[in-house]
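Enquirer: Chains A and B supply the protein sequences, listed in that same order.
If you're matching positions, the first sequence starts at 136 in our numbering and goes up one per residue.
If you're matching positions, the second sequence starts at 136 in our numbering and goes up one per residue.
There are 2 protein chains.
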Amino acid sequence: MRAVPRITDVAALAGVSASTASKALNDTGQLREETRQRVRRAAEQLGFTPDSRGRALSSGRSYTVGLITTDSSGRFSIPIMQGAEDALSAGEMALVLCDTRDDALRESHYLRSLVARRVDGIIVTGRRTEPRAPIDVPVPVVYAFSPSTDPGDTSVVTDDRGGAASAVRHLLSLGRRRIAHVTGPASHRSAAVRAAAAVETAGDAFVGEPLHGEWSERWGRHAVDVLLRGGEVDAISCGSDQIARGVCDRLRELGRSVPDDVAVTGYDNWSVMALASRPPLTTVDLRLEELGRRTAQLLLELIGGASPTGLLELPTELVPRESTLGT
Amino acid sequence: MRAVPRITDVAALAGVSASTASKALNDTGQLREETRQRVRRAAEQLGFTPDSRGRALSSGRSYTVGLITTDSSGRFSIPIMQGAEDALSAGEMALVLCDTRDDALRESHYLRSLVARRVDGIIVTGRRTEPRAPIDVPVPVVYAFSPSTDPGDTSVVTDDRGGAASAVRHLLSLGRRRIAHVTGPASHRSAAVRAAAAVETAGDAFVGEPLHGEWSERWGRHAVDVLLRGGEVDAISCGSDQIARGVCDRLRELGRSVPDDVAVTGYDNWSVMALASRPPLTTVDLRLEELGRRTAQLLLELIGGASPTGLLELPTELVPRESTLGT
DNA sequence: AAACAGACGGAACACGTTTTCCTGACGACC
DNA sequence: GGTCGTCAGGAAAACGTGTTCCGTCTGTTT
Chain A
136 MRAVPRITDV AALAGVSAST ASKALNDTGQ LREETRQRVR RAAEQLGFTP DSRGRALSSG
196 RSYTVGLITT DSSGRFSIPI MQGAEDALSA GEMALVLCDT RDDALRESHY LRSLVARRVD
256 GIIVTGRRTE PRAPIDVPVP VVYAFSPSTD PGDTSVVTDD RGGAASAVRH LLSLGRRRIA
316 HVTGPASHRS AAVRAAAAVE TAGDAFVGEP LHGEWSERWG RHAVDVLLRG GEVDAISCGS
376 DQIARGVCDR LRELGRSVPD DVAVTGYDNW SVMALASRPP LTTVDLRLEE LGRRTAQLLL
436 ELIGGASPTG LLELPTELVP RESTLGT
Chain B
136 MRAVPRITDV AALAGVSAST ASKALNDTGQ LREETRQRVR RAAEQLGFTP DSRGRALSSG
196 RSYTVGLITT DSSGRFSIPI MQGAEDALSA GEMALVLCDT RDDALRESHY LRSLVARRVD
256 GIIVTGRRTE PRAPIDVPVP VVYAFSPSTD PGDTSVVTDD RGGAASAVRH LLSLGRRRIA
316 HVTGPASHRS AAVRAAAAVE TAGDAFVGEP LHGEWSERWG RHAVDVLLRG GEVDAISCGS
376 DQIARGVCDR LRELGRSVPD DVAVTGYDNW SVMALASRPP LTTVDLRLEE LGRRTAQLLL
436 ELIGGASPTG LLELPTELVP RESTLGT
């Protein structure tokens, strides 16, 4: 735990001035190769790592971006964080984490703190697909998953319509012609959008109306009873993996085979649900890590001086498993 | 997006020097109250927030701590992160996130980066309870969940023995006298420790040997078949909620009532498992958020100059639900 | 031999803050 | 009236880096 060496220590050891040492280590200026090597060896020997506080002050940048999330425990925020961190660390940027827990007071506190740290940019993400109010800060911002209500801001979201449509097209391609949809509360944008896309894509093959309830296995199980009371179906497209798992459980309890009698699709590719389900779920992967990566890249471009690009919808990916294909 | 004001701008507007402005804003030095007010008003008017890079350089501290996790997607790391962030943000410290993904190369990269940032301290956490090799950095470190192999380092972990014992004591207090234990791989320390504690606590009431397998629902279901082949039990203490859920599912399929015929306990209080299970699981809550909070507090003390305190085992909490109590 | 170009490296400054030291001014006291 | 003490505030230095500018030295050209 000895004192960390400064660039002047390196310079002294190499027998040059601090500015020369700086040039040698940053591959800038005009120096003899021999001098560069000598400085590098000195730095190596001392285990010198430049103090990024000094660098930040000098360069005007902090090489730091803030990540504001309304809910870091959510299974949506986490892969986004990972992707973002991945893309940022490649560029030697650090990510400071701020979990607002949906508290406006906390949020403004964190914003002040980030501005005080002179972060180079901010990523804002949430756990719902509802657009959210933009934040007012003097640095570039990119919204991930929850877009900004201001269409001029840069936002990156998943293509919910496309995802739901791909699941239904998959069911149609398997010859299913009586397709139902079970999903979360109608008040949730993601549920509404996916339901609309399912209805539209299924066309004549859609049975009844989309069934709205909770995002839970329990509702999935219950929805099966409701559905079968209304007649027969040969496929159920669900708004989440949790619901789909409940649907599968109930169908099995009733002696229906999945997928022989009824094919089932989920949504989210939440592995702990999709893989633990019996049978494992065909589902729509949100590619959130990719979303996080793209978000970070766009932020880096904005920091580099590019202008905001508005809303970007990233494609999802259908992951076929036994709940539609059988074994 | 105009330029952010510096303290010199504030000073100029208030008609004083920069040093006076600094003193006014930090409640230090000897100034007339009137002058202080004038500076404060000027700062307010300009929306001035001190640049923490300058402050960091001047104070010798960065007001930043690093969080190194081997797996930020894990359900263990996340609550720990939240708790730590909670405790740190109260002290105006920021948390920079580093997910090594269990890659030694990444880890050393991040360590260099954190040292370069002159973080005031580092929290190291993992997804397993196995002790891990300490990191070599010139700043205070606290290990959370995965302790350091060096007993002199400060580590904060959950009391695995106590947690498993509390579940078994709960079963005993309900009158169960034929208790089995189903858990994860014997090679996992958490499985081994919990199993040993279960055997010891149950005493004569323990049936057979602990059953080791995967941390999965599938293994839980399978384990029930294995168990019942060997005779009757009236309680199954499980090493994880996933296993417990599988156990419950299989028991129900076989027509056994939970908890009337067999009481079941889980471990982790992973809500998505524990609450979705039929019936909801009595389980052991790891209190990870509290663990994260304590970790951060200890780190702050270390940063403040305290000396390392060695291993700290935090108590767990038994959460009784229907899988042992019935409805 | 003088002029010149180019390579090399150092001195000085900038970044924004905090802190230490110092200068006046003023009143009080001997 | 001179000295001392206190108060108010400014000047300067410090933190550690990067960068700009400028001087020197070497080797080349006329």
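No residue lacks a Cβ here, since even glycine has one placed at the ideal position from N, Cα and C.
1) Looking at chain B, is there any beta carbon in it that lies within less than 8 Å of the beta carbon of Y278 of chain A?
2) Could you name each continuous beta strand (DSSP E) segment of 3 residues or more that falls completely within the stretch 249-306 of chain B, going from the start of the chain to the end?
3) Which residue wins for smallest C-alpha separation from Q377 of chain A, given the options A:T204, A:R141 and A:Y402?
4) Quick check: what's the CA-CA separation for A379 of chain B versus L309 of chain B?
5) Among A:G374, A:T418 and A:S406, which one has its Cα closest to the Cα of H323 of chain A?
6) For D285 of chain B and P273 of chain B, I'd like the C-alpha separation in whole angstroms.
7) Rounded to whole angstroms, what is the Cα-Cα separation between I314 of chain B and A340 of chain B?
8) Hey, is V200 of chain A close to the ligand MN, as in C-beta under 7 Å from one of its heavy atoms?
9) First and last residue of the beta strand (DSSP E) that includes D186 of chain A?
10) Considering only their Cβ atoms, is the gap separating E424 of chain B from V214 of chain B smaller than 8 Å?
11) Can the beta-carbon of A299 of chain A be found closer than 8 Å to that of R329 of chain A?
12) Where does T400 of chain A fall in DSSP's three states?
13) T184 of chain B touches chain A at which residues, Cβ-Cβ below 8 Å?
14) Would you mind telling me which residues of chain A sit closer than 7 Å to V139 of chain B, beta carbon to beta carbon, in chain order?
15) List the residues of chain B that V231 of chain A touches, going by C-beta distances under 7 Å, in chain order.
16) Tell me whether the beta-carbon of T293 of chain A lies closer than 8 Å to the beta-carbon of L421 of chain A.
17) Just to confirm, is the Cβ distance from V291 of chain A to L426 of chain A under 8 Å?
18) Once the 5 residues before and after T289 of chain A are set aside, which same chain residues still bring their CB inside 6 Å of it?
19) Residue range of the beta strand (DSSP E) that E484 of chain B falls in?
20) Does DSSP classify S458 of chain A as helix, strand or coil?
21) Let me know the secondary structure DSSP gives S157 of chain B once reduced to three states.
22) Determine the contact status of G319 of chain A and G338 of chain A, defining contact as a CB-CB distance below 8 Å.
23) Which residues does DSSP pair with I438 of chain A in a beta bridge?
24) Taking S243 of chain B as the reference, give the member of B:A229, B:G226 and B:A268 with the closest Cα.
25) Closest to G439 of chain A by C-alpha separation, out of A:T155, A:N161 and A:Y198, would be which residue?
26) Between which residues of its own chain and A431 of chain A is the CB-CB distance below 6 Å, once the five residues before and five after are set aside?
27) Any residues in the stretch 189-200 of chain A with a beta carbon nearer than 9 Å to a beta carbon of chain B? Which ones, in chain order?
28) Pop quiz: A437 of chain A and P282 of chain A are said to be a contact at Cβ under 8 Å. What is the actual Cβ separation, rounded to whole angstroms?
29) With a Cβ-Cβ cutoff of 8 Å, do L181 of chain B and L160 of chain B count as a contact?
30) Taking the straight line between their C-alpha atoms, what separation do you get for R241 of chain A and G226 of chain B?
31) Looking at S157 of chain A: is its Cβ nearer than 8 Å to the Cβ of I142 of chain A?
32) Nearest CA to the CA of A326 of chain B: which residue from B:T336, B:P345 and B:R312?
33) Measure the beta-carbon distance from L306 of chain B to A398 of chain B and round it to whole angstroms, keeping in mind my assumption that it falls under 8 Å.
34) Would you please verify whether the beta carbon of I203 of chain B is less than 8 Å from any beta carbon of chain A?
35) Compare the Cα-Cα distances from R253 of chain A to each of A:P266, A:S212, A:S194 and A:T260 and report the closest residue.
36) For a test of the three-state rule: what should DSSP assign to D144 of chain A, helix, strand or coil?
Expert: In this structure, then:
1) Residue-level contact by beta carbon fails for Y278 of chain A and chain B, as no gap is shorter than 8 Å.
2) If we require 3 residues or more, the beta strand (DSSP E) runs fully inside the stretch 249-306 of chain B come out as 256-260, 276-279 and 289-293.
3) Relative to Q377 of chain A, the option among A:T204, A:R141 and A:Y402 whose CA is nearest is A:Y402.
4) Between A379 of chain B and L309 of chain B, the C-alpha separation is close to 18 Å.
5) Minimum Cα distance to H323 of chain A is reached at A:G374.
6) Roughly 16 Å separates the two Cα atoms.
7) When rounded, the separation of the alpha-carbon atoms in I314 of chain B and A340 of chain B is 6 Å.
8) No copy of the ligand MN appears in this structure; indeed no ligand is present at all.
9) It is not in any beta strand (DSSP E) - D186 of chain A carries neither H nor E in the DSSP assignment.
10) According to the sequence provided, residue 214 of chain B is Pro. The question's Val does not apply to it. Yes.
11) Closer than 8 Å, so yes.
12) Strand, per DSSP.
13) Residues of chain A passing the Cβ test: R247, V250 and A251.
14) Think of a sphere of 7 Å around the beta carbon of V139 of chain B: the chain A residues whose beta carbon falls inside it are P273, in chain order.
15) Neighbours of V231 of chain A on chain B, chain order: A229, L230 and V231.
16) Yes, they are a contact pair.
17) Going by C-beta atoms, V291 of chain A is nearer than 8 Å to L426 of chain A.
18) Here the set comprises V277, L433, P443 and T444.
19) Here chain B comprises residues numbered 136 to 462, so residue 484 of chain B is not present and cannot be evaluated.
20) The DSSP-derived three-state label of S458 of chain A is helix.
21) In the structure shown, S157 of chain B falls within a helical segment according to DSSP collapsed to helix, strand and coil.
22) Between G319 of chain A and G338 of chain A, the C-beta spacing is not below 8 Å.
23) Its beta-bridge partners do not exist; DSSP assigns none.
24) When only C-alpha atoms are compared, the closest one is B:A268.
25) Selected option, being the one with the closest Cα: A:Y198.
26) If the five residues before and after A431 of chain A are omitted, its C-beta is found closer than 6 Å to the C-beta atoms of A219, A222 and L223, all from its own chain and listed in chain order.
27) Residues passing the 9 Å Cβ filter: G189, R190, A191, L192, S197, Y198 and T199.
28) Residue identity differs from the one stated: residue 437 of chain A is Leu in this sequence, not Ala. The C-beta distance from L437 of chain A to P282 of chain A rounds to 15 Å, too long to fall under 8 Å, and the pair is not in contact.
29) No, they are not a contact pair.
30) Distance between the alpha carbons of R241 of chain A and G226 of chain B: 14 Å.
31) Yes.
32) The candidate whose alpha carbon is nearest that of A326 of chain B is B:P345.
33) About 6 Å; that satisfies the 8 Å criterion.
34) Output row for I203 of chain B: interface = no.
35) Looking from the CA of R253 of chain A, the closest CA among A:P266, A:S212, A:S194 and A:T260 belongs to A:S194.
36) In the structure shown, D144 of chain A sits in a helix (DSSP, three-state: H, G or I).
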